[in-house]
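Enquirer: As given, the protein sequences belong to chains A and B, one line each in that order. For what it's worth, my numbering labels the leading residue of the first sequence as 1, then goes sequentially. For what it's worth, my numbering labels the leading residue of the second sequence as 121, then goes sequentially. Idealized CB from N, CA, C, for every residue including glycine.
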Amino acid sequence: GAVVSQHPSRVICKSGTSVKIECRSLDFQATTMFWYRQFPKQSLMLMATSNEGSKATYEQGVEKDKFLINHASLTLSTLTVTSAHPEDSSFYICSASATSGSPGMKAEQFFGPGTRLTVL
Amino acid sequence: KQEVTQIPAALSVPEGENLVLNCSFTDSAIYNLQWFRQDPGKGLTSLLLIQSSQREQTSGRLNASLDKSSGRSTLYIAASQPGDSATYLCAVAGRRALTFGSGTRLQVQP
Chain A
1 GAVVSQHPSR VICKSGTSVK IECRSLDFQA TTMFWYRQFP KQSLMLMATS NEGSKATYEQ
61 GVEKDKFLIN HASLTLSTLT VTSAHPEDSS FYICSASATS GSPGMKAEQF FGPGTRLTVL
Chain B
121 KQEVTQIPAA LSVPEGENLV LNCSFTDSAI YNLQWFRQDP GKGLTSLLLI QSSQREQTSG
181 RLNASLDKSS GRSTLYIAAS QPGDSATYLC AVAGRRALTF GSGTRLQVQP
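(1) May I ask which residues mark the beginning and end of the beta strand (DSSP E) holding Asp147/B?
(2) For Met47/A, which of Glu59/A, Thr118/A and Pro40/A has the nearest alpha-carbon?
(3) In the DSSP assignment, find the beta strand (DSSP E) that holds Phe91/A and state where it starts and stops.
(4) Using the rule of at least 16 other Cβ atoms within 10 Å of the residue's Cβ for burial, across every protein chain shown, is Thr115/A buried or exposed?
(5) For Val3/A, does the count of other Cβ atoms within 10 angstroms reach 16, so buried, or fall short, so exposed?
(6) Taking contact to mean at least 3 C-beta pairs separated by less than 8 Å, is the region 130–139 of chain B in contact with the region 29–40 of chain A?
(7) In terms of residue numbering, what span does the beta strand (DSSP E) encompassing Asp187/B cover?
(8) Report the neighbours of Gly223/B on chain A: residues whose CB is nearer than 8 Å to its CB, in chain order.
(9) Using the beta-carbon of each residue, which ones in chain B are nearer than 9 Å to Phe111/A?
(10) Should Val140/B and Thr207/B be called a contact, given that it needs their Cβ atoms to be closer than 7 Å?
(11) Going by beta-carbon coordinates alone, are Thr219/B and Gln122/B separated by less than 7 Å?
(12) Quick check on Ile93/A: buried or exposed, where buried means 16 or more other Cβ atoms within 10 Å of its Cβ?
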């Protein structure tokens with residue numbers, strides 16, 4: 001099956017610093033990548049959708065200037081949490097699809113293993 | 121706005137039991153429905169994907185059904201094992217977004 005990796009798996013940083021998380025599709029070209037956030041004992045919430053070569057579409061309530069998403073190639077998307085604060089501590093999960101468009105397309109999404117961010 | 125509900129929120133069963141996890145959704149205009157497994161602190165493992173035109177999918181001891189008109193899906197796990205202990209999430213793919221339920225935390229007692 002399709003494999004999606006994330007790096008790092010875990011990061012601890014001081015308040016005010018920026019953190020970059022990478023999401024890679026290892027064996028397929030990901031036209032669309034999605035970023036989710038999961039707080040403890042809660043479900044996944046979609047943050048943004050990015051199509052290769054275009055600007056990301058952010059969900060309501062997600063600050064685009066705080067969560068910078070870059071999808072520069074068909075195998076890599078990055079999420080940068082700028083000026084991180086303790087309330088940004090969460091589990092961030094990416095997924096990738098081989099077709100373009102919204103998450104509602106018929107194509108299956110393949111999920112990465114997640115990145116645990118802790119902001120002190 | 122799509123809302124996905126999973127019942128029960130938690131379930132503890134002895135090893136060997138057959139069990140059913142439930143998922144309901146409010147908007148029947150979906151493309152597909154997926155069941156995932158999530159171990160503590162880990163990412164998602166896709167278990168089954170049911171397209172909107174399908175009624176069920178099977179993989180090993182797992183069987184998932186979909187009744188789009190009533191907005192329901194069930195995940196049936198046969199002969200449960202301690203290794204099945206995890207949180208099970210269902211997610212529906214609508215036109216706009218993939219919406220997740222809050223999950224069912226399953227504990228299978230040896």
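Expert: So, from the data block:
(1) Position 27 of the second sequence, counting from 1, holds the residue named residue 147/B. That residue, Asp147/B, is in no beta strand (DSSP E); it is neither H nor E in DSSP.
(2) Here residue 47/A is taken as the residue at index 47 of the first sequence, counted from 1. Measuring from the Cα of Met47/A, the nearest candidate turns out to be Glu59/A.
(3) As a working mapping, residue 91/A is identified with position 91 in the first sequence. That run of the beta strand (DSSP E) goes Ser90 to Ser97.
(4) Sequence index remark: in the first sequence, residue 115/A carries index 115 (1-based). When all chains shown are included, Thr115/A counts as buried.
(5) For the purposes of this step, residue 3/A is identified with residue 3 of the first sequence, where counting begins at 1. Exposed is the call here.
(6) no
(7) Here residue 187/B refers to the residue found at position 67 when the second sequence is read from its first residue. Asp187/B -> beta strand (DSSP E) spans Leu182 to Asp187.
(8) Numbered from its first residue, the second sequence carries residue 223/B at position 103. Neighbours of Gly223/B on chain A, chain order: Ser43.
(9) As a working mapping, residue 111/A is identified with position 111 in the first sequence. Phe156, Gly163, Leu164, Thr165 and Ser166, listed in chain order.
(10) One-based indexing of the second sequence puts residue 140/B at position 20. One-based indexing of the second sequence puts residue 207/B at position 87. Taking 7 Å as the Cβ cut-off, Val140/B and Thr207/B do not qualify as a contacting pair.
(11) Along the second sequence, read from residue 1 onward, the residue named residue 219/B stands at position 99. Along the second sequence, read from residue 1 onward, the residue named residue 122/B stands at position 2. A contact, by the Cβ cut-off of 7 Å.
(12) Taking the first residue of the first sequence as 1, we reach residue 93/A at position 93. Flag for Ile93/A reads buried.
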